[in-house]
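K.L.:
For the sequence shown, the working numbering assigns the number 4 to the initial residue and increments by one for each residue that follows.
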Amino acid sequence: MSRDIQLKERWKVLVDKLSAQFADNDPLELDAIIYLVGVQELGQIHRKYKKDEKLDLMHIAICRLLEPYGYYEFEYFDEQGWPHYIIKEELPTLKAGEQSVLMKEAIVSYFVEKEYIS
């Protein structure tokens with residue numbers, strides 16, 4: 004099976020499963036899934052977030068998701084428990100479609116690693 008077909012199949016399984024769990028089966032968008040990863044990584048599941056904190060959660064998620072690709076490296080947790088990352092390598096200039104594929108691939112890998120999907 005080609006890598007693209009496997010990614011599409013795993014992405015569909017992941018979106019369906021997350022949508023059932025968090026959105027009453029309304030399909031979650033990529034940004035919503037990135038946000039969920041950020042909340043998961045912060046570990047402060049049951050609290051309300053301000054608008055700027057939601058952006059910070061998405062930043063945490065992107066850093067964590069792209070860490071295995073060598074773009075970011077975890078540095079430390081601050082006194083409030085928020086993870087901080089350093090940039091290891093600048094992201095290449097990608098077209099919108101290429102960015103989407105990279106993020107979907109990283110998200111699928113993350114949820115496979117967490118044993119949420121296989």
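Glycine included, each C-beta is placed from N, C-alpha and C at the ideal position. Because the structure is a prediction, the values reported are computed rather than measured.
(1) What span of residues does the alpha helix (DSSP H) with histidine 49 cover, start to end?
(2) Output the boundary residues of the alpha helix (DSSP H) element that contains glutamate 101.
(3) Skipping 5 residues on each side, what residues in its chain have a beta carbon closer than 8 Å to that of phenylalanine 114?
(4) Looking at the secondary structure, which residues open and close the alpha helix (DSSP H) in which isoleucine 120 lies?
(5) If you count every other CB in all the chains shown that lies within 10 Å of the CB of leucine 94, and 16 or more means buried, which is it?
(6) Who are the Cβ neighbours of glutamate 108 in its own chain at under 8 Å, not counting the five residues just before and after it?
(7) Since glutamate 12 is in the alpha helix (DSSP H), which residue starts that stretch and which ends it?
(8) According to DSSP, which residues form a beta bridge with glutamate 76?
P.N.:
A quick look at the data gives this:
(1) Translated into positions along the sequence shown, residue 49 becomes position 46. Note, histidine 49: premise wrong, no alpha helix (DSSP H); not H, not E.
(2) For the purposes of this step, residue 101 is taken as the residue at position 98 of the sequence shown. From DSSP, the alpha helix (DSSP H) with glutamate 101 extends over 99 to 116.
(3) What you label residue 114 is simply residue 111 of the sequence shown in a count that begins at 1. Taken in chain order, the residues that qualify are Leu17 and Ile120.
(4) As a position in the sequence shown, residue 120 is number 117, starting the count at 1. From DSSP, isoleucine 120 is part of no alpha helix (DSSP H); its letter is neither H nor E.
(5) Your numbering for residue 94 matches position 91 in the sequence shown. Classification of leucine 94: exposed, given that the 10 Å Cβ count is below 16.
(6) Counting from one through the sequence shown, the residue named residue 108 turns up at place 105. Answer for glutamate 108: Leu10, listed in chain order.
(7) Indexing the sequence shown from 1 puts residue 12 at position 9. Taken as a continuous stretch (DSSP letters only), the alpha helix (DSSP H) holding glutamate 12 covers 6 to 25.
(8) By 1-based counting over the sequence shown, the position of residue 76 is 73. DSSP lists Ile89 as partners of glutamate 76.
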